[in-house]
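Contents: one structure, followed by commentary.
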Amino acid sequence: MSRAPAGPWTTGRLVELDRPSDRLVRLRFDVDNRVDHLPGQHYVLRLRAEDGYTAQRSYSIASEPADPLLELMVECLPGGEVSGFMHDVAEPGDVFELRGPIGGWFVWEGDVTAVCVGGGSGVVPLVSMLRHARRLGASDRLRVVAVARSLEELPYAHELLDAGAFVALTRENLGDRIAHPPYPEEVAPLAEEVERAYVCGSVGFASFATRLLGEVGVRSELIRVEQFGATG
Amino acid sequence: MPVTRGFGSGRRRGRPERLPPGQYDTGMDWPVLTAEAQPELDPEQWTMTVDGLVDRPQTWSWRELHALPGSTYFGDIHCVTTWSKLDTTFGGISIDTLLDLAGPRPEAAYAMAHSTTGYTTNLPFADISGGRAWLVWDYEGRPLAAEHGGPVRLLVPHLYFWKSAKWVTRLELMAADRPGFWEQNGYHDRGDPWLEQRYQGDP
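Here it is, written out as structure tokens:
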């Protein structure tokens, strides 16, 4: 693989902000001197106080490279210094320090057939991949399994369903499907003959999903994992 | 760089003088980050090798390493994802012990740490010698958990934690630097948290 694009610190103006649920805030930035990303990469968002104190966190990119704006979907964590600020205080027109794109491992460029398993806000980079796949006309190469407790808690729930993702809800029924984590027989057809697998979610979710992929015959060396802890 | 409207430093936690720039104190939490499926490693099958530019390339079993003099690290660790964890205790052996047995050649200026998973990370030789690096299997007096790299990981606490390779199995000493896994993927070749060397291109 050629080296993934990387960008230095820059600034971006928040152009759009909405709150699809109590715990999610969707942010769209107009980034100065933006370096185009690959689906799956992330950005660092930095807040700066008057006394020079800074706080920064990494967030996966939801937008596709062709989108003129950069879209992040931030889950608001209890006591989250950056996520809480973006949820409660940030407004369109505010300018932020941004750095990215970053990361060259958890990326999908449309070149290989892949199965992706995302849990909760772990679906965000998969949304970027899905949008990119649609633009390339390569949607048949990307199979997505999205897992969440409820549709309300699943970022981009309707976009994922419209794109043909398999959605497994664990705490509420969805159509005929009774609430349950994804079963191997549900994932097996999506994992057939894939050249790569992507897993994104919390630590507990990532270990569940890598085990599930193993059960349906995906070799561990094909699996690329992006994990996040409750790190605010 | 612009000040963020409405953002104050009032919510800062922990002991600021011990936090490198851009880091926060994660408290009791220890977030886990890995890029690959977590391996199930049997200590009886696992070995540790030091080779490359050394006079006596060597491989040790789990038991042989435990027979060497132990060493403990007490202090802080810093992850590039911006958490720091203060006052940790790790038990194992000093990398110096292995280096003394293997005999590094004068031209050994860098090292590549290799994990059983294929993960690699590159380090200057100066950063893994002189009492600055460990091979550890205990955390807070208990066996290191698999998600934190157990049964055994490298510990280089003065650098960002991706340098402390989980499931390490080999240290290869080299004359010239070459990038490891994250370093090929945009992260810094040295990774000093106090200099904020997070990504390629940082000072």
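Sequences listed follow chains A and B, in order. For the record, in the first sequence the residue sitting at position 136 is 136 according to our numbering, with numbers rising by one throughout. For the record, in the second sequence the residue sitting at position 163 is 1163 according to our numbering, with numbers rising by one throughout. Using N, Cα and C, we set each Cβ at its ideal position, and we do this for glycine too.
Discussion item. Which same chain residues end up closer than 6 Å to A/Thr231 when comparing Cβ atoms and leaving out the 5 residues on each side of it in sequence?
Written reply: The residue given as residue 231 of chain A occupies position 231 in the first sequence. With a pLDDT of only 36 at A/Thr231, under 50, the local geometry of the prediction cannot be trusted, and no value is derived from it.
Worksheet item: For the alpha helix (DSSP H) that contains A/Glu81, what are its first and last residues?
Response: For this step, residue 81 of chain A is matched to residue 81 along the first sequence. Counted as a single uninterrupted DSSP element, the alpha helix (DSSP H) harbouring A/Glu81 occupies residues Glu81 to Asp88.
Worksheet item: Nearest to B/Pro1193 by alpha carbon, out of B/Tyr1160, B/Ser1164 and B/Asp1100?
Response: Counted from its first residue, the second sequence places residue 1193 of chain B at position 193. Among B/Tyr1160, B/Ser1164 and B/Asp1100, the Cα nearest to that of B/Pro1193 is on B/Tyr1160.
Item to complete: Using a Cβ-Cβ cut-off of 8 Å, state whether A/Thr231 counts as contacting chain B.
Response: Your numbering for residue 231 of chain A matches position 231 in the first sequence. Confidence is the limiting factor: at A/Thr231 the pLDDT is only 36, short of 50, which leaves the residue's position unreliable, though a coordinate-based value still follows. By this cut-off, A/Thr231 is an interface position.
Worksheet entry | Simplified DSSP assignment, three categories, for B/His1158 | What you label residue 1158 of chain B is simply residue 158 of the second sequence in a count that begins at 1. In the structure shown, B/His1158 falls within a coil segment according to DSSP collapsed to helix, strand and coil.
Practice prompt. Taking A/Glu185 as the query, report the chain B residues whose CB atoms sit under 8 Å from its CB, ordered along the chain.
Written response: To locate residue 185 of chain A, count along the first sequence from 1; it is residue 185. The contacting residues do not exist; A/Glu185 stays about 21 Å from chain B at best.
Practice prompt. Using beta-carbon positions only, say whether B/Gly1186 and A/Ile102 come within less than 8 Å of one another.
Written response: Along the second sequence, read from residue 1 onward, the residue named residue 1186 of chain B stands at position 186. Along the first sequence, read from residue 1 onward, the residue named residue 102 of chain A stands at position 102. Against a cut-off of 8 Å, the Cβ pair of A/Ile102 and B/Gly1186 comes out as a contact.
Fill in: Complete alpha helix (DSSP H) runs within the stretch 1016-1091 of chain B (minimum length 4 residues, chain order)
Within the stretch 1016-1091 of chain B, the runs of alpha helix (DSSP H) that reach at least 4 residues and sit entirely inside it are, in chain order, 1062-1066.
Discussion item. Give me the chain B residues within the contact set of A/Trp105, using Cβ-Cβ distance strictly less than 7 Å, ordered along the chain.
Written reply: Here residue 105 of chain A corresponds to residue number 105 of the first sequence, with the count starting at 1. Within chain B, the residues near A/Trp105 are Ala1035 and Asn1185.
Practice prompt. Go to B/Val1136, then tell me how far its beta strand (DSSP E) extends in each direction, as first and last residue.
Written response: Your numbering for residue 1136 of chain B matches position 136 in the second sequence. In this chain, the beta strand (DSSP E) harbouring B/Val1136 covers Trp1134 to Tyr1139.
Worksheet item: Between B/Glu1172 and B/Ala1035, what straight-line distance do the alpha-carbon atoms span, to the nearest angstrom?
Response: Locating residue 1172 of chain B in the second sequence gives position 172, counting from the first residue. Locating residue 1035 of chain B in the second sequence gives position 35, counting from the first residue. Distance between the alpha carbons of B/Glu1172 and B/Ala1035 is about 21 Å.
Practice prompt. Could you round the C-beta distance between B/Pro1157 and B/Ile1077 to whole angstroms and report it? I think they count as a contact, below 8 Å.
Written response: By 1-based counting over the second sequence, the position of residue 1157 of chain B is 157. By 1-based counting over the second sequence, the position of residue 1077 of chain B is 77. Contact between B/Pro1157 and B/Ile1077 holds, since their C-beta atoms are separated by about 5 Å, short of 8 Å.
Worksheet item: Taking DSSP as the reference, what is the three-state secondary structure of A/Val145?
Response: Locating residue 145 of chain A in the first sequence gives position 145, where the first residue counts as 1. Assigned with DSSP and collapsed to three states, A/Val145 falls in strand.
Discussion item. Along the stretch 178-205 of chain A, where does the CB come closer than 7 Å to a CB of chain B? Name the residues.
Written reply: Against chain B - using a Cβ distance shorter than 7 Å - the residues of the stretch 178-205 of chain A are Val203.
Practice prompt. May I ask you to list, following chain order, the residues of the stretch 1137-1159 of chain B that have a beta carbon less than 8 Å from some beta carbon of chain A?
Written response: Only those residues of the stretch 1137-1159 of chain B whose C-beta falls short of 8 Å from the nearest C-beta of chain A are listed: Glu1147.
Practice prompt. Tell me whether A/Gly120 sits in a helix, a strand or coil according to DSSP, three-state version.
Written response: The count along the first sequence starts at 1 and reaches residue 120 of chain A at position 120. In the three-state scheme derived from DSSP, where H, G and I count as helix and E and B as strand, A/Gly120 is classed as helix.
Worksheet item: From what residue to what residue does the beta strand (DSSP E) around A/Trp9 run?
Response: Counting from one through the first sequence, the residue named residue 9 of chain A turns up at place 9. Element bounds for A/Trp9: Trp9 to Ser21.
Worksheet item: So the alpha helix (DSSP H) A/Phe208 belongs to, where does it begin and stop?
Response: Within the first sequence, numbered from 1, the residue matching residue 208 of chain A stands at position 208. Counting along the chain, the alpha helix (DSSP H) containing A/Phe208 begins and ends at Val203 to Glu215.
Worksheet item: Going by the CB atoms, is the gap between A/Val25 and A/Cys76 shorter than 8 Å?
Response: Here the question's residue 76 of chain A lines up with position 76 in the first sequence. Here the question's residue 25 of chain A lines up with position 25 in the first sequence. Going by C-beta atoms, A/Cys76 is nearer than 8 Å to A/Val25.
Worksheet item: Going by beta carbon distance, what residues of the same chain come within less than 6 Å of A/Ala157, once the five residues before and after it are set aside?
Response: Against the first sequence, residue 157 of chain A aligns to sequence position 157. The answer, listed in chain order, is Leu151.
Worksheet item: Is the shortest distance between the beta-carbon of A/Arg141 and the beta-carbons of chain B less than 8 Å?
Response: The residue given as residue 141 of chain A occupies position 141 in the first sequence. False, the Cβ-Cβ gap to chain B never drops below 8 Å.
Discussion item. For the structure I just gave you, are there three or more beta carbon pairs, one from the stretch 1129-1138 of chain B and one from the stretch 1176-1191 of chain B, closer than 8 Å?
Written reply: Using a Cβ-Cβ distance cut-off of 8 Å, the stretch 1129-1138 of chain B and the stretch 1176-1191 of chain B are not in contact, since fewer than three pairs of beta carbons, one from each stretch, lie closer than that value.
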